[in-house]
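What follows is a short report on a single structure.
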Amino acid sequence: MKNYIAALLVAFPLLNYAQSLSFRYDLKPALTVNGRTLPNPWVGGMNACQFSTMKLNNDTFDDLVVYDRSNRKISTFLWTDKGWQYDPSYETAFPAIQNWMLLVDYDGDGKKDLFAQSTFGIQVLRNTSVGGKVSWQVAANPLITEGLGGRQNLYVASSDIPAIVDLDDDGDIDILTFDASGNLLTLQQNLSREQQGVSGLTFKRIGSCWGGFQKEYCNDFVFGVDCSLGGRIAVTGAARPATPAHTGNTITLFDTNGDGTKDLLAGFVSCQNIALVKNGGPNTAEAKFTSFEANFPAKDPINFQNFPAVFWEDVDGDGKKDLLATPNVLSNEGNLINFQSSNWFYRNVGTNQKPDFQLVQKDFLQKDMLDLGERAAPALADLDGDGDLDLLVGNGGMLTNQGFRGSLFYFENKGTAQEAYFDLVSSDYLGLGSSTVLTDLMPRFADLDGNGGLDLIVFSNSARGIEIRTFFNQSGARAAAKYTLASVRLIPTPNLLGPGDIPAFADVDKDGLPDMLVGRSIGNIAYYRNTGTASSPAFQLQTEEYGGSKVNTLAGGPSLAIVDLNGDQRPELVSGDQWGKMKLYRFPDQPNQSLVLLDTLAALGTPGHDLMLATGDLDGDQLPDLMIGTAGGGLRYLKNTSEKVVITGTDNGEPVLPWAYPNPTERYVTIRPPRDGIAEVISLSGQQLMQGLSVRAHNETLLDLGALGDGTYLIRLLSDGKPPLIQKVVVWK
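Numbering of the sequence shown is given in the numbering used here, commencing with residue 4 and proceeding in unit increments.
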C-alpha cells in the first residue's frame with residue numbers, strides 16, 4: 004500500500020497559481036421558508052425604502068428602483084409576467100446615495116432623471132441610458148434657485164424627502180420643500196418653459212411660504228397663513244402643542260379625491276401618521292390649503308412608530324399608481340419598528356384621477372426575500388455532517404411578544420456540495436433567542452478545543468455590554484455538530500472589546516490555536532492572541548493596529564473573513580465596513596507584517612450597510628464564495644469567479660520533477676528545489692506549521708517532520724517575483 008501511494012504522489016504535478024480574484028452577484032442558491040421558495044432570496048433585506056420607477060432593460064414596462072435609506076443600498080427589480088424579479092446587474096450604474104433619491108423626468112425626453120441629496124443641497128443627474136444600458140450625466144450639482152436674496156442652492160434638509168412634481172401642469176417639474184424651520188412649505192417654481200420654451204431646471208422661490216398653512220405637529224395645522232407677510236398668521240389658528248425636538252418632513256403631492264387639485268400627504272419626524280392636507284385650489288403659487296385629515300387612508304391608515312413617508316407609483320402593472328408607505332429613518336430608534344414588514348402596499352382600485360387605496364400587504368418585496376429584520380450576520384459550516392455547508396444567521400433583533408430580541412436562524416442545506424439549497428429549519432437555534440435578552444447576534448465557527456469539530460462562538464449585546472458564548476462541539480470532524488444550551492460557556496470579554504466590534508478567527512501566529520482579529524468600531528483591526536489552551540481558550544490583546552491598520556471613524560467596524568480565495572495556499576483577508584465598502588488584502592504570514600491591499604472591490608458597488616462576511620464553497624468549484632449580511636436584515640450572495648489554481652505540470656519552464664522525497668515519509672524529507680527561495684510546511688488549510696527555511700536551487704536540505712501527526716501536508720517554496728511551488732507530502736508513521 005505504501006508503494007502504491009508513493010507512486011501516485013511522485014506523479015502529482017507542480018502547481019501554477021493564477022493571480023486574478025473576482026466575484027459577481029448571483030441569484031442562487033435557492034432558499035425556502037415555511038415550504039415556500041423565495042423568488043428573490045439574496046436582495047439583502049429592506050428597512051426604510053424609497054420607491055421610484057424607470058425603464059432599466061429597454062422593454063415597454065417600467066421597472067422598480069428602490070433606495071433604502073437605512074441600508075444605504077439601491078435595489079433594482081425588473082417587471083416580469085411573474086411579478087418583480089430582482090436583478091442586481093443594474094445597481095452599480097447608480098451613484099452612491101445618501102438620505103434620499105427620486106426618479107423624475109425633468110427634460111421631457113421620456114427617461115426619468117435622478118434627483119438626490121448632495122453635500123450642498125440637491126444633485127440632478129440626467130438619464131443618458133441607451134439600449135438598456137443605464138447611464139447618467141451630471142445636470143446640476145448643486146441645483147440652483149432664485150431665492151429671496153438672490154441665486155442660491157435649493158435647500159432640502161437631509162432628513163426630508165421633497166415633492167418633485169409638475170404642480171401647475173405647465174410641462175416642467177416644480178419642487179416643494181419645507182423651509183429650515185420645518186414648519187412652512189416653500190414652492191420652488193420651475194420657469195424654464197416660460198423663459199426658455201423647453202423643460203429644464205430654472206427655479207425660483209415663490210414667496211415666503213406656499214399653501215397658506217403652517218405645520219405644527221403630528222395632528223395639527225394652522226390655516227390662514229399669509230405667505231406675503233413672511234409666513235405670519237393672519238387669522239387665529241389652533242393652539243400650538245409642544246413641538247418635536249428636531250425637524251423632519253416627507254412630502255408627496257397628487258390629487259387624492261378627484262377634484263382636480265393636488266393634495267398634500269405629509270409625514271413628520273417623531274410622528275406615526277400620514278396626514279392628508281386638502282388643497283382648496285388652484286394648482287398654482289396661489290394655492291390655499293383649508294383642512295386636513297390626521298390619518299390617511301381613512302381605512303387601514305398608515306401607522307409607523309416613527310417618521311412615515313409615502314410614494315405614488317404603479318407597482319402591480321395595471322397602469323394605476325399605487326401607494327407605498329415606509330418609515331423614513333436611518334436606524335430603528337428605540338427598536339420600535341418591525342423592519343420585517345416595513346413596506347406597506349396599498350393597491351389603487353380607483354383611477355389615477357381619483358384613487359382608492361386598499362391595503363394589500365405590509366411586506367411588499369420583503370415577503371419574497373430573506374429578511375430577518377435588521378443587521379444580519381451569517382456563518383457557514385456543515386452542522387449536520389452530510390458534507391455540505393449549512394447556513395446560520397444571527398440578527399440585530401425583531402419585535403416579538405417578549406420585546407425586541409435577536410436570535411439565530413438555522414438554514415439546513417438540503418441540496419448538495421455542488422448545488423446548495425437552504426431551508427429554514429429553526430428561527431431560534433439552540434433556544435438562544437427565547438432564553439436570553441440579547442441583540443446583534445454574530446455567530447462564528449472555530450475549532451477552539453482542537454478535537455476536529457467546529458465550535459460555535461456567539462457574540463452579542465446585552466444590557467451588560469458585549470457577551471461571548473461558546474458552544475463546544477461534542478462531536479469530532481465530519482460528524483453532525485452537537486451543541487447544547489445547557490453546556491454553553493460564557494467567555495470573559497477581552498480587554499477593549501465592546502459593542503460595534505466585529506470578531507473573526509484565524510491562526511495568526513501559526514501555533515495551532517485560533518486567534519481573534521477584531522474589526523473595531525473605530526475602524527482599526529485589533530489582534531488578540533489565543534494564550535490559553537485547547538480546553539480553556541483565552542484571548543490577550545497584542546496590538547490595536549494589526550497589519551498596519553489605523554483608526555478610521557469614517558469606515559466604522561470592518562467585518563473580516565480570512566480564507567484562501569483561489570487555491571494558492573495563501574489566505575487572503577476580505578473586509579467589509581459599516582459604509583458598505585469592501586477591500587481585499589493579502590493576509591500576512593507573520594503577525595508583525597503589514598496587510599497588502601490587492602483590490603478595493605469597487606466594481607461590486609455598495610452591497611449594503613453594516614456588512615457582515617462569511618465564506619464557504621457553495622457550488623463545489625473549490626473556490627470559497629462570499630455571503631454578506633447587511634443592515635437590511637438580509638444577505639447578499641457573491642459567487643467567487645476567481646481564476647482557480649490550475650495544474651500545469653510546469654512553472655516558467657521548470658521541470659516537472661518531485662523535489663521533496665521520500666514521499667510518503669515516516670519523519671524526514673529531503674527537499675531539492677529547482678530555484679532559490681523560502682521553504683515552509685503548511686497544512687491543507689494554509690496554516691504554517693514550521694518556520695520557513697532559506698534554501699538554494701538544486702541543493703539538498705533535510706526537513707524533520709517528526710512533530711507532525713499522520714496526514715497530508717504541503718511544502719511550499721516562495722521565491723521573489725515568481726508564483727509559489729507546492730508539493731504534497733504524506734506523513735505515515
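Even glycine gets a Cβ: it sits at the ideal position worked out from N, Cα and C.
How long is the line joining the alpha carbons of residue i and residue j, rounded to whole angstroms?
i	j	result
leucine 457	isoleucine 147	59 Å
tyrosine 486	leucine 433	8 Å
leucine 563	lysine 647	22 Å
tryptophan 213	leucine 170	12 Å
serine 437	leucine 394	20 Å
aspartate 622	threonine 644	11 Å
valine 238	glycine 400	With a pLDDT of 46 at valine 238, under the threshold of 50, the predicted position of this residue should be treated as unreliable, and no value is reported.
aspartate 391	proline 506	24 Å
isoleucine 650	glutamate 575	Legend: pLDDT at isoleucine 650 = 36, less than 50; position of this residue unreliable, value from coordinates given subsequently. Distance between the alpha carbons of isoleucine 650 and glutamate 575 is about 21 Å.
lysine 136	glutamine 88	18 Å
alanine 241	asparagine 309	Because the pLDDT of alanine 241 is 37, which lies under 50, any placement of that residue in the model is unreliable, and the question is left without a value.
isoleucine 718	isoleucine 729	6 Å
threonine 259	serine 430	42 Å
glutamine 691	valine 428	37 Å
glutamate 197	leucine 157	20 Å
asparagine 346	threonine 403	18 Å
aspartate 707	lysine 725	26 Å
Contact check, residue i vs residue j under 8 Å by CB: the rounded distance?
i	j	result
serine 184	serine 195	So it is not a contact: roughly 28 Å between Cβ atoms.
lysine 281	aspartate 266	5 Å
aspartate 567	glycine 695	Not really, about 18 Å apart at Cβ, beyond 8 Å.
phenylalanine 737	leucine 493	Nothing about residue 737 can be reported from this structure: the residues present for the chain run from 4 to 736 only.
leucine 614	glycine 632	7 Å
serine 538	aspartate 452	6 Å
valine 491	phenylalanine 474	5 Å
threonine 253	aspartate 163	7 Å
glycine 418	alanine 483	At roughly 17 Å, the Cβ-Cβ gap does not stay under 8 Å, so glycine 418 and alanine 483 are not in contact.
Which residue wins for smallest C-alpha separation from residue i, given the options the options?
i	options	result
methionine 693	Asp514, Arg472, Thr496, Gly174	Asp514
glycine 134	Lys642, Gly608, Tyr588, Asn61	Asn61
aspartate 90	Ala96, Pro98, Ser73, Leu81	Leu81
serine 686	Thr40, Asp65, Gly712, Pro665	Gly712
glutamine 581	Thr603, Gly526, Ser552	Gly526
glutamine 155	Asn130, Ala382, Arg208	Arg208
glycine 397	Glu197, Val69, Ala379, Glu547	Ala379
leucine 386	Asn476, Ser463, Pro300, Asn404	Asn476
isoleucine 469	Ile164, Gly503, Gly583	Gly503
glycine 251	Gly227, Leu204, Leu188, Phe257	Leu188
alanine 142	Arg129, Gly418, Leu720	Arg129
alanine 278	Asp65, Leu256, Leu544, Leu601	Leu256
phenylalanine 224	Gly418, Phe271, Gln593	Phe271
aspartate 592	Thr609, Gly583, Ile565	Ile565
asparagine 43	Pro665, Met372, Gln405	Met372
serine 161	Phe206, Thr122, Lys725	Thr122
valine 461	Ala420, Ser478, Phe412, Thr419	Phe412
arginine 675	Ser697, Ser132, Val684, Thr704	Thr704
Is there a Cβ from chain D that is less than 9 Å from the Cβ of residue i?
i	result
threonine 131	Here chain D cannot be found, since the structure has a single protein chain.
Taking C-beta to C-beta, are residue i and residue j nearer than 9 Å?
i	j	result
phenylalanine 342	serine 73	yes
leucine 117	proline 98	yes
glutamine 369	serine 344	yes
glutamine 3	tryptophan 103	No statement about residue 3 is possible, as the shown extent of the chain runs from 4 to 736 and does not include it.
glycine 570	arginine 75	no
glycine 559	leucine 616	no
tyrosine 28	tryptophan 45	yes
proline 517	proline 497	no
serine 524	glycine 551	no
glutamine 53	threonine 329	yes
glutamate 669	valine 734	yes
leucine 34	leucine 41	yes
threonine 618	valine 577	yes
phenylalanine 1	asparagine 338	Here the chain has residues from 4 to 736 only, and residue 1 is not among them.
In chain order, what are the residue ranges of uninterrupted beta strand (DSSP E) at least 3 long that sit wholly in the segment 50 to 102? With a minimum length of 3 residues, the continuous beta strand (DSSP E) runs that stay inside the segment 50 to 102 are 52 to 57, 66 to 71, 76 to 83, 86 to 89.
Segments of 3+ residues assigned as beta strand (DSSP E) that fall wholly inside the segment 252 to 335: Within the segment 252 to 335, the complete beta strand (DSSP E) runs of at least 3 residues are 252 to 257, 266 to 271, 277 to 282, 292 to 296, 311 to 316, 325 to 330.
Which ranges would you report for the beta strand (DSSP E) in the segment 578 to 627 if only whole runs of at least 3 residues count? List check, beta strand (DSSP E) in window: 585 to 589, 599 to 602, 615 to 619.
Restricting to runs no shorter than 3 residues, where is the beta strand (DSSP E) found entirely within the segment 179 to 228? Within the segment 179 to 228, the complete beta strand (DSSP E) runs of at least 3 residues are 188 to 193, 206 to 209, 216 to 220, 223 to 226.
If you scan the segment 477 to 555 from start to end, which runs of the beta strand (DSSP E) of 3 or more residues do you find wholly inside it? The DSSP assignment places 492 to 494, 505 to 509, 518 to 522, 528 to 533, 542 to 546 as complete runs of the beta strand (DSSP E) inside the segment 477 to 555, in order along the chain (cut-off: 3 residues).
Entirely within the segment 115 to 156 and at least 4 residues each: give me those alpha helix (DSSP H) ranges in chain order. You should have found no qualifying run.
Quick one: complete beta strand (DSSP E) runs, 3+ long, within the segment 413 to 487? Complete beta strand (DSSP E) runs here, min 3: 424 to 429, 442 to 449, 458 to 465, 468 to 474.
What beta strand (DSSP E) runs, 3 residues minimum, are completely inside the segment 637 to 714? Segments of the beta strand (DSSP E) lying fully in the segment 637 to 714: 638 to 643, 671 to 674, 680 to 685, 691 to 698, 704 to 707.
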